[in-house]
Each structure stands twice: as C-alpha cells, then as structure tokens.
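If you read the protein sequences in the order shown, they are chains A and B. If you're matching positions, the first sequence starts at 24 in my numbering and goes up one per residue. If you're matching positions, the second sequence starts at 16 in my numbering and goes up one per residue. The beta carbon of each residue, even a glycine, is placed where N, CA and C say it ideally should be. Since the structure is predicted, the reported quantities are computational estimates derived from the model, not experimental observations.
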Amino acid sequence: MTAVIEARQLTKSYGATRALDGVTFNVAPGRIVGLIGPNGAGKTTTLKALLGLTPFDGELRVLGLDPRRERDALMREVCFMADVAVLPRWLRVSQALEFCAGVHPRFDRAVASDFLRKTDIRLSSRVRELSKGMVTQLHLALIMAIDARLLVLDEPTIGLDLLYRRKFYDTLVNDYFDKQRTILLTTHQVEEVENLFTDVIFINHGKVALDASVEDLGQRYQQLTLSAEAAARARALQPFYERELFGRVAMFFEGRSSAELKPYGELRTPTIADLFVAKMQGSPGT
Amino acid sequence: MNSIADAIEPGAAVPRAMPSGTALVTLLRREFWEHRYLLWVPPAFVALLLLLAMFAHVEIDDMPVRVQAALTTLTQYLLTAVLFLIVVAVLAYYTLDCLHAERKDRSILFWKSLPVSDGLTVAAKFLVALVVVPLGAVVLALLGHLLFTAILTVRAAFGGLPVAPVWDTLEWLRNVALMLVLLLLAMLWYAPVIAAALLLSGWARKPFLWATLPPLIVLIVEPIFFRTQYFWHFLQYRSQGIWEVLARGIRMPKEDAVPHSIASALFANLNWRAALGDIDLWLGVLLALALLYAATRLRRYHDET
C-alpha cells in the first residue's frame, strides 16, 4: 500500500504562533479528501508545505517525493489551484494555453481548447475582462488538460455564485476525477461539497482533530435529536457536544452504538458540516 | 480504503521535464506578454528620432567630405547612445518591477503551480534585461541608422538638403562590430546591477522606494556626518568605471585630423585587454551570480500570503 501523501509531525511557526503543530496524516490514491478547519487553523499552511511553497519541519512525502528538495519534479504530477485571484490579469486566454504547453510536459492543449469551446470564454480575452466565474472556468480548463495524479484545491470557488460553484464541482467529479487521481480540497462551504468527499481531515490549532473516511464517520459518530426532557437523561451517555434548536436538542456522540441511543430520540449520522461544528465547539481547549 | 493503491506507485514514473530550451523560450515570451512596454517604448523612441530627421535643418555642405562622413558616423553614435539611455531607463523599471509584480497580484501562486523552477524563472528575467532587450536595441539601432540615412538621402534627392549624407557600408559594418563588442563589455560590467535590482524586486514590498530613497539618504548623510563620499564614488565607479579603463589615454582628434575610419581608430586605440582583464569586471560577474542565487532562494521560500 502506497500513499499519495504521507505527512509525519509537520511543524511550522510564524513568530510565536504555531501554524502547524505536529500534523500527521496519510492520503491514499483515488480519494477526494476534504481538509476542513476554521480560519487560521493551518489548512493553507499544510497545503503550502505539501506543494513545497514554504519551509517546515517534519517528514513529508508527496507522490514519493520530498516537496522541499524535489519541487520541480513534483509539480509535473501535481496540479494546484488557489482561489481565483491568482491568474494574472494581463494574461490572454491564448497565452495561458501557450504558456502551459510550453512548460508542462503533461499539458494537452486540445483538451483545454475543447473545454473552453463549451464556455463563453474567447481565446483573445484577457483575464481582467473575464468574470470571476469565467476565470475559474479558465483555470479549470488548464487543470483538466494536465494529466496530474494529485490535484490540490485551496478554496477554489470562493466568491463565485451558486451556479458556477455547482458547475465547477460537477465538472471536477464527472470529467476529471477517476481512480488514478487524488483530490485534496479545502473549502469554507462544507455543506455544498460534503457529498463529494471520500475522506475528511479536520484541522484546528495546527493539529489534526479528526481524520477518517466518510464510511467510518457513520460508524463512529451519531447525532441524536431529542426533547429537552430526554436530553437530561441522555447526558449520562456523555455527548461531546450539544446544541438547542427550536426547543429540541441535538446531541453528538462518538463511539456509541445505535441500540444505546435509539430509545432517547431520533438518530442519524451527522452531516460533515454539523460534525465539524460539533468537533470544533465541543473539543477542549478551543 | 486503498483498493486501487496498487495501480499507482508514487515516484515511480515521474514524467520527464520539458526540455529546458522550450521552457526558457516560453518564459522569455511571457516577460514580453506581461511587460509590453519592453516591446514598444524603444521602437517608439526611434520613430520619434526619425520623425525629427525628416524635418530637421541640416547644414553640412561647406565641410570636407571626410568630415561629412565622420558626421554620419557620429550621428549614428548619437542615435545609438540616446537609444541605449532609453533602454537603461526601461530596464531599470523592468528589473525593479518584474519579481515584485507577480507577488503583488498573487499570480506567483499560478506560476508556481507549474513545473518551472525558480532558478529558470529568475534566469529568464535576468536574460531579458541582460541580453534580449539590449540585443533588440542593437537591431533597432541598426535599422535606425539605415532609415536615418535613407531619409536624409531622399530629402537631398528632392532638394530639401544641399547634399546627401555620405554612406560608407564598410564603416557601418565596423561600427556594428564595435557596438556589439561594447555591448558585451557592458553586459559583464552591469550584470551585478541588474541582478541586484532583481533581488530587490523579489524582496521589497516597495522596490522603487528602496531603490531610490536609501541611496539618496546615504548620499546626503555620508558627507555631512563622515565628511567622506565613498558611496558617491562607488556609484560613479559602477556606472562608468569600465569605460574609463577602456578609454584611458585616448585623445579626441582635432577637426582637421579626423581619422578615415572612426570605428577602426577606436578598435585600435581602446584598451580592450585592460578592460577585459579588469578584476572588478569579473568580481562583478561573480557577485551577479551570487545575487541571482539569492533571488532564486528568495522566490522559492518567500512566503507572504
């Protein structure tokens, strides 16, 4: 078994703040992994470490390569997309294709052109003339045309409207993703993409707070919705987080069986977004 | 969870890099896409000079032919010199801006998402400033000479000028050779200046301010507090030192003793050996390499976002 990413004890400080404090995780091939955390939790720093954009301490292999020493070789196999603002505004669409074709051994210009033909983007346009949604489409076209094994997306749809966001992820899953590829994604809009993930990694205060496949989550975590009276009794089972909503109480449990919980109320697997909130609010030290 | 892991063996089949020649050419082209003034400012300036040539009043009819020929050469020198002053200004702006611009608009994250090393990127920017633009300016100067002479000849043919300029192809070719050799010397001498500007561009948030204000302060403060002018002398030396070495002992010819070929005279009398053997010239080249290395490291790990 070989992992696409193996991270051991990644540590990095910006002055007094510890951006990464012993981050450890693995990513297997063919997965779509959500890296989820509050602002300043260390998500972007983790991605930067993976991409060799920042120095850090710890052990890290990405596709078997060390991002610190073998960055150039690594970038032939890894695609990376930060938010939409990073395509230079002066760049023409045709120049973007030309440039990628000139520097990337795995860029297939025909694929990018085909993709662009289905959009309203003209080859002669400059990035500054395109809407945010179109810039993302352009960037996506470039990425689709690169035969990479790992795609890293850092808040790729920030500032886009719902239609573009939906289209972006649909294209990603239907046309790009296959079992040979791995996608690592950070986003604030967890609700919208949680059906996408095969795995999630929660990160908080520079530490991994949770690392599990989505199947495992269903086994490990339960959300119980119940009345206030029932809640008083259910507290004996030690929920790690609870919140009140319209007079009903939602409780979150880890490692309890359905048989134990069912008598108290309505039981279900929490959504990733709810679980995230529960974990962040409920975990000690936050 | 890892059912298909066998299909992939990380690191086993890393695709080969793009031939670095192709990548370098692409990187060079990118610089001209981004900094379009590199392409149009120098030609626009030459066009302006040619426009002047169309209407300027010239009075050379009462001079001996040899002086007229020398004047043609000197006019060419003048055109070349002024063109290169413009190029220096353009390149000063370019070198201070190019590594700063990609950080400012955050496009550096896009460039870095592609398999191009920081070394090659910095090298491309350095080559644009050191080689591509200056060589382009040489070609432009040659075109300028030809057009300049053509315009004056046509004006003479239509009676606008009393005599046509004297054109000497051999002398012109000698001047081309002279220009290229001088350019080579200039590249070596100014390489550390270009590399320093690139480093500043990659490091500072306000490179133009850093390039002007601190030197200005030192220029003012040093004589006041230390009663010395080392910095001023240093600046003077790096701007003209090599030319002083090259031209040491050379005298301006009197008007009645204009040499038959100015270019040949210069080739014969300039101190080429002393200039090319100048220790500061080669120390400067070494310094340029060190500065470029620093700029590369900085681009690799400068983490601002």
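Within the stretch 240–272 of chain A, the runs of alpha helix (DSSP H) that reach at least 4 residues and sit entirely inside it are, in chain order, 251–257.
Under the three-state reduction of DSSP output, residue 40 of chain A falls in the strand class. Of A:165, A:298, A:194, the smallest CA-CA separation from residue 234 of chain A is found for A:298. Residue 184 of chain B and residue 157 of chain B have their C-alpha atoms some 12 Å from each other. Nearest to residue 254 of chain A by alpha-carbon distance, out of A:244, A:150, A:276, is A:276. Two segments are said to touch when three or more pairs of C-beta atoms, one from each, lie closer than 8 Å; by this definition the stretch 200–208 of chain A touches the stretch 170–183 of chain A.
Counting the other CB atoms within 10 Å of its CB gives residue 40 of chain A a total below 16, which places it among the exposed residues. Interface with chain A (8 Å Cβ-Cβ cutoff): residue 287 of chain B is excluded.
Below 8 Å, enough C-beta pairs join the stretch 143–157 of chain A and the stretch 115–134 of chain A to call them touching: three or more. Secondary structure in the stretch 291–318 of chain B: no beta strand (DSSP E) run of 3 residues or longer lies completely within the stretch. In this structure, the straight-line span from the alpha carbon of residue 191 of chain B to that of residue 113 of chain A is close to 36 Å. Taking CB atoms only, residue 143 of chain B has no neighbour in chain A less than 8 Å away. For residue 77 of chain A, at least one C-beta of chain B is nearer than 8 Å to its own C-beta.
The C-alpha of residue 179 of chain A lies about 27 Å from the C-alpha of residue 239 of chain A. In this structure, the alpha-carbon of residue 48 of chain B lies about 33 Å from that of residue 188 of chain B. Within its own chain, the residues whose Cβ lies closer than 8 Å to the Cβ of residue 35 of chain B, once the five positions on either side in sequence are excluded, are 135, listed in chain order.
Residue 52 of chain B has a beta carbon lying at 8 Å or more from every beta carbon in chain A. Within the model, the alpha-carbon separation for residue 56 of chain B versus residue 49 of chain A is close to 53 Å. For the pair residue 167 of chain A and residue 216 of chain A, the CB atoms are not nearer than the 8 Å cut-off.
Shown here, residue 173 of chain B sits in coil according to DSSP, grouped into three states, outside any helix or strand. When beta bridges are read from the DSSP output, residue 102 of chain A appears opposite A:174. Residue 84 of chain A: member of the beta strand (DSSP E) spanning 80–85, first to last residue. Non-local beta-carbon contacts of residue 180 of chain B in its own chain, meaning distances under 6 Å to residues more than five positions away in sequence, involve 87, 164, 167 in chain order.
Per the Cβ contact rule, the stretch 236–253 of chain B is not in contact with the stretch 108–124 of chain B (fewer than 3 Cβ pairs under 8 Å).
The Cβ of residue 61 of chain A sits no closer than 8 Å to any Cβ of chain B. Residues of the stretch 236–248 of chain B whose Cβ lies closer than 7 Å to any Cβ of chain A: none. In this structure, DSSP gives residue 59 of chain A an extended state, which the three-state scheme calls strand. DSSP lists A:115 as the beta-bridge partner residues of residue 149 of chain A. In the three-state DSSP reduction, residue 53 of chain A falls in the coil class, being neither helix nor strand. Chain order gives the chain B residues near residue 103 of chain A as 128, where near means a beta carbon separation below 7 Å.
For residue 206 of chain A, the uninterrupted beta strand (DSSP E) segment begins and ends at 205–209. Not one beta carbon of chain A lies nearer than 8 Å to the beta carbon of residue 259 of chain B. In the DSSP annotation of this structure, residue 197 of chain A is not part of any beta strand (DSSP E), being labelled neither H nor E. The Cβ-Cβ distance between residue 128 of chain B and residue 104 of chain A falls below 8 Å. The beta carbons of residue 202 of chain B and residue 143 of chain B sit no closer together than 8 Å. With contacts defined by Cβ atoms closer than 8 Å, residue 45 of chain A and residue 302 of chain A do not form a contacting pair.
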